[in-house]
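Okay, so here's the structure we're looking at.
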Amino acid sequence: MKRPLSAIAKISLSIALVSIMTMNSAAANAPRVSKDDLRQMLDNPKVVVADVRTGRDWNSSEFKIKGAVRVDYRQVVSWASKYDKDKIIVFYCA
Amino acid sequence: MIFENSKATIIIPLSIALGIILSPESLVILGNGMGSGGFLFLAFLLLAMAVYFMTALSHDEVFALSPGWAGEARLMRQAFGWLPATVLVFCSRVVFIICASTGMLATAGYAFNEVFVYWFPNLGFSFCLLGFLLLINLLDRRVVTLAQMIFVSVALMGLAVLVIAGFLKMGQVTEFSVTGTSHAVALSRIAPVGLILFVGFELAAISSKKKGEQQQRVAFPLLAAIGLAGFIFSAWGLVSLRYVDMQELTGSTIPHMIAARAILGENGRLVMGLVVIAGSLSAVNGLIYTMTRLLSGMARENLLPAFFAGSSDRSLPTMIILVLGIAVMLGLGMAGKPALGIYIRSALLFWLLFYSAVHLSLLKVRKNYLQIGRVSRFGWRPVVSTVSVFIMLVGFIGLLWTDPESVELAKFMLTISVAGSILGLFWLRLNRGGKAFVTVGKGHGLNYPENASSKS
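Next comes the structure, spelled out in structure tokens:
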């Protein structure tokens, strides 16, 4: 009884660790804008800051960027058409 | 049952109960509630306190009649059967510790990142806190309880500083409207919210030194924790109302931080940041400490697989599983998923059902104890249990009905209750005819055979 449980525990742990590493590596590939660059861009009327934070990333954060629009990242199609194609959309995430 | 000294029998459970109650989650709920209802919310808060006073007295009776870490579950099994007892604990407390701890540690991470050290990753800090809590829980029990007292003390002192500063400066504050709501808010939504502010207080009763040994004098620390928490909530609520507009309190996800900033400016932010981190540590530490014991006790009662019993009074496998569950949730980014809020609220609703089940169990089994002479008379206790059940169930329905995501909430509640039942039945089948059914002995505090309805 102990051996199957031990094997199950090891397999579960391995799957969990691989999942965590996969998630983290996917986020690292997106191009980024530094906060200093973004600060200079905020006065640009062509720039739209889309705050896509959800859950605790939004709820627990004290800081919201002035003028940012809160959107659902899962429904890009529904709100992206509201903006002209020459707009620069900066996604603010956790 | 011999304890180290009489003060420890009160201070330790008091610090555990307060630590779980005074979490950052509670501050958010309180702030939003005060913004929605003002003084009316305070009135409902006092009513919730009264209900929990009654629930504390019932728990005192439960553990007197059915001692041990799994006393509640054992009593519920006797009244309703093995499966409902196990599933209810799983759906409420286990789901809560995994999901709410994930949320609270994430909140602490953000507080640290945004208030103190901006370059330190918030999720990294959350993992550091979790690792730290695992480490101290692996050490001696006295280290855990001492750490708990420190965490709670820091959180309490921080809130006390803000409350006192808030009251001292009140004469300089511009008047805000506190007599009415600035927008229409359903009474049905405000009224039951206070009920979830005190959830988890009774876990303090599962903080005895030795396995199987029940905390004596459990009523006093539980009642003291509820009273003290209620006082702190009321004071903080009043101060928040004085310094922040009601509409802002309602709509904010960090009403406590806004209020702290309004009271003491940047210093207020620093103090509240400390309160959030200490409050998260105290809540998660209290949950890990007590839930490890609870699940271990349930395993020894054959309510869970023997694997959870562990070989020591700390039940290392159970602790590792709980901490690993939280770590996986954090690592998978669940803190950033809106679904986490649904999971936590469902666990809280199940916890209200759990309280109702405890009261109902007492109503059902009291007469048996009377027959065998374990209790001399009923007195007011059945009335307390009946009223508490009624209010808890009304609160449960009100919260579920008025939740903005009530459909998703109901679906998740149904899903985990079915999943818990399937797991339970599967384990029961594995142990069929063996150790699935408890053998009641004198050491369990139940001195008569279980009736047929308690056997699955």
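Residue numbers (numbering that gives the first Met the number 0), protein chains in the order written: chain A, 0 to 93; chain B, 0 to 455.
Cβ atoms here follow ideal geometry from the backbone N, Cα and C, with glycine treated the same way.
| Cβ pair count under 8 Å reaching 3, the region 98-108 of chain B against the region 328-342 of chain B | Cβ pair count under 8 Å is three or more, so yes.
| N- and C-terminal bounds of the beta strand (DSSP E) containing residue 47/A | Position 48 of the first sequence holds residue 47/A. Start and end: 46-50.
| query | Would a C-beta distance cut-off of 8 Å place residue 193/B and residue 16/B closer than the cut-off? | reply | Indexing the second sequence from 1 puts residue 193/B at position 194. Indexing the second sequence from 1 puts residue 16/B at position 17. Cβ atoms of residue 193/B and residue 16/B: not closer than 8 Å.
| query | Since residue 283/B and residue 132/B are thought to touch, with beta carbons under 8 Å apart, how far apart are those beta carbons, to the nearest angstrom? | reply | Here residue 283/B refers to the residue found at position 284 when the second sequence is read from its first residue. Here residue 132/B refers to the residue found at position 133 when the second sequence is read from its first residue. Right, the Cβ-Cβ distance comes to about 6 Å (below 8 Å), so this counts as a contact.
| Along the chain, which unbroken stretches of the alpha helix (DSSP H) at least 4 residues long are found entirely within the region 297-323 of chain B? | Listed in chain order, there is nothing to give.
| Along the region 105-116 of chain B, what residues have a CB closer than 7 Å to any CB found in chain A? | Per Cβ criterion, the list reads 105, 106, 109, 113.
| Boundaries (first-last residue) of the beta strand (DSSP E) holding residue 149/B | By one-based count along the second sequence, residue 149/B stands at place 150. Counting along the chain, residue 149/B falls outside any beta strand (DSSP E), though it belongs to the alpha helix (DSSP H) covering 140-167.
| request: Apply the 10 Å Cβ neighbour rule to residue 279/B and answer buried if 16 or more other Cβ atoms are within range, or exposed otherwise. | output: What you label residue 279/B is simply residue 280 of the second sequence in a count that begins at 1. Buried: at least 16 other Cβ atoms inside 10 Å.
| task | Helix, strand or coil for residue 24/A, going by three-state DSSP, please let me know. | result | Position 25 of the first sequence holds residue 24/A. The pLDDT assigned to residue 24/A is 48, lower than 50, so where the model puts this residue is not dependable; a value taken from the coordinates is nonetheless given after this. Judged by DSSP in its simplified three-state form, residue 24/A adopts helix.
| said: Could you tell me the alpha carbon to alpha carbon distance between residue 347/B and residue 196/B, rounded to whole angstroms? | reply: Within the second sequence, numbered from 1, the residue matching residue 347/B stands at position 348. Within the second sequence, numbered from 1, the residue matching residue 196/B stands at position 197. Roughly 10 Å between the two C-alpha positions.
| query | How is the beta strand (DSSP E) around residue 91/A delimited, first residue to last? | reply | The residue labelled residue 91/A in the question sits at position 92 within the first sequence. That run of the beta strand (DSSP E) goes 87-91.
| said: Taking CB distances under 8 Å as the criterion, tell me whether residue 85/B reaches chain A. | reply: Here residue 85/B refers to the residue found at position 86 when the second sequence is read from its first residue. Chain A, which has no Cβ nearer than 8 Å to the Cβ of residue 85/B, makes this no.
| said: Rounded to the nearest angstrom, what separates residue 344/B and residue 78/A at their Cα positions? | reply: The count along the second sequence starts at 1 and reaches residue 344/B at position 345. The count along the first sequence starts at 1 and reaches residue 78/A at position 79. Distance between the alpha carbons of residue 344/B and residue 78/A is about 29 Å.
| field | is_contact[residue 43/A, chain B] using C-beta, thresh 8 Å | value | Counting from one through the first sequence, the residue named residue 43/A turns up at place 44. So, not an interface residue.
| query | Which whole-angstrom value is the C-beta distance of residue 93/B and residue 74/B, which I expect to be below 8 Å? | reply | If you number the second sequence from 1, residue 93/B lands on position 94. If you number the second sequence from 1, residue 74/B lands on position 75. Rounded, the Cβ-Cβ distance is 19 Å, inconsistent with contact.
| Which term fits residue 37/B, buried or exposed, when burial requires 16 or more other beta carbons within 10 angstroms of its beta carbon? | Sequence index remark: in the second sequence, residue 37/B carries index 38 (1-based). Residue 37/B comes out buried.
| message | What does the alpha-carbon distance come out to for the pair residue 188/B and residue 33/A? | response | As a working mapping, residue 188/B is identified with position 189 in the second sequence. As a working mapping, residue 33/A is identified with position 34 in the first sequence. When only Cα atoms are considered, residue 188/B and residue 33/A end up about 42 Å apart.
| message | Any beta carbon from chain B within less than 8 Å of residue 35/A's own beta carbon? | response | What you label residue 35/A is simply residue 36 of the first sequence in a count that begins at 1. Interface residue (Cβ-Cβ distance to chain B less than 8 Å): residue 35/A is not classified as such.
| Can you name the residues that DSSP bridges to residue 483/B? | Any question about residue 483/B goes unanswered here, given that chain B covers just 0 to 455.
| Min CB distance residue 78/A to chain B below 8 Å | The residue you call residue 78/A lines up with position 79 of the first sequence. For residue 78/A, the answer is no, since every Cβ of chain B falls outside 8 Å of its Cβ.
| Got a sec: is the Cβ-Cβ distance from residue 182/B to anything in chain A below 8 Å? | In the second sequence, counting from the first residue as 1, residue 182/B sits at position 183. The pLDDT assigned to residue 182/B is 45, lower than 50, so where the model puts this residue is not dependable, and the model offers no usable value.
| said: Is residue 78/A close to the ligand ATP? I mean its beta-carbon at under 7 Å from any heavy atom of the ligand. | reply: Among the components modelled here there is no ligand, and therefore nothing to report on the ligand ATP.
| query | Would you call the region 216-233 of chain B and the region 49-65 of chain B in contact, with 3 or more CB pairs under 8 Å? | reply | Touching, yes.
| query | Alpha carbon to alpha carbon, what distance is there between residue 30/A and residue 89/A? | reply | Numbered from its first residue, the first sequence carries residue 89/A at position 90. Numbered from its first residue, the first sequence carries residue 30/A at position 31. About 10 Å.
| field | Chain-ordered residues of the region 331-357 of chain B with a beta carbon less than 9 Å from chain A | value | From the region 331-357 of chain B, only 331, 332, 333, 334, 335, 336, 337, 338, 339, 340 have a Cβ closer than 9 Å to chain A.
| task | Under the assumption that residue 48/A contacts residue 67/A (Cβ atoms under 8 Å), give the Cβ distance between them as a whole number of angstroms. | result | Numbered from 1 along the first sequence, position 49 holds the residue referred to as residue 48/A. Numbered from 1 along the first sequence, position 68 holds the residue referred to as residue 67/A. Contact holds; Cβ gap of about 4 Å.
| field | Local conformation of residue 68/A per DSSP, three classes | value | Within the first sequence, residue 68/A is the residue found at index 69, counting from 1. Residue 68/A sits in a strand when the DSSP states are folded into three classes.
| query | What number of angstroms, rounded off, separates the C-alpha of residue 258/B from the C-alpha of residue 42/A? | reply | Start at 1 with the first residue of the second sequence, and residue 258/B comes out as number 259. Start at 1 with the first residue of the first sequence, and residue 42/A comes out as number 43. CA-CA distance, residue 258/B to residue 42/A, rounds to 30 Å.
| query | With a cut-off of 8 Å, does the C-beta of residue 434/B fall near any C-beta of chain A? | reply | The residue you call residue 434/B lines up with position 435 of the second sequence. Low confidence applies here, because residue 434/B scores a pLDDT of 47, under 50, leaving its location unreliable; read the following figure in that light. Answer no: the Cβ-Cβ gap between residue 434/B and chain A never drops below 8 Å.
| Can you tell me whether DSSP reads residue 131/B as helix, strand or coil? | In the second sequence, the residue the question calls residue 131/B occupies position 132. Reduced to three states, the DSSP call for residue 131/B is helix.
| request: State the DSSP-derived secondary structure class of residue 16/B, mapped to helix, strand or coil. | output: As a working mapping, residue 16/B is identified with position 17 in the second sequence. In the structure shown, residue 16/B adopts helical secondary structure according to DSSP, grouped into three states.
| When Cβ atoms are compared, which residues of the region 156-172 of chain B fall closer than 7 Å to chain A? | Near chain A, meaning a CB-to-CB distance below 7 Å, no residue of the region 156-172 of chain B qualifies.
| said: Quick check on residue 43/A: does DSSP put it in helix, strand or coil? | reply: Within the first sequence, the letter at position 44 stands for residue 43/A. Residue 43/A carries a coil assignment under DSSP once its states are collapsed to helix, strand and coil.
| alpha helix (DSSP H) containing residue 56/A: first to last residue? | Your numbering for residue 56/A matches position 57 in the first sequence. Per DSSP, residue 56/A belongs to the alpha helix (DSSP H) from 54-58.
| Per-residue DSSP class, three states only, for residue 21/B | As a first step, residue 21/B must be located in the second sequence, where it is residue number 22. If DSSP states are grouped into helix, strand and coil, residue 21/B belongs with coil.
| said: For residue 66/A, would you say it is in contact with chain B, using Cβ-to-Cβ distances shorter than 8 Å as the test? | reply: Mapped onto the first sequence, residue 66/A falls at position 67. Any Cβ of chain B closer than 8 Å to the Cβ of residue 66/A would place that residue at the interface, and such an atom is absent.
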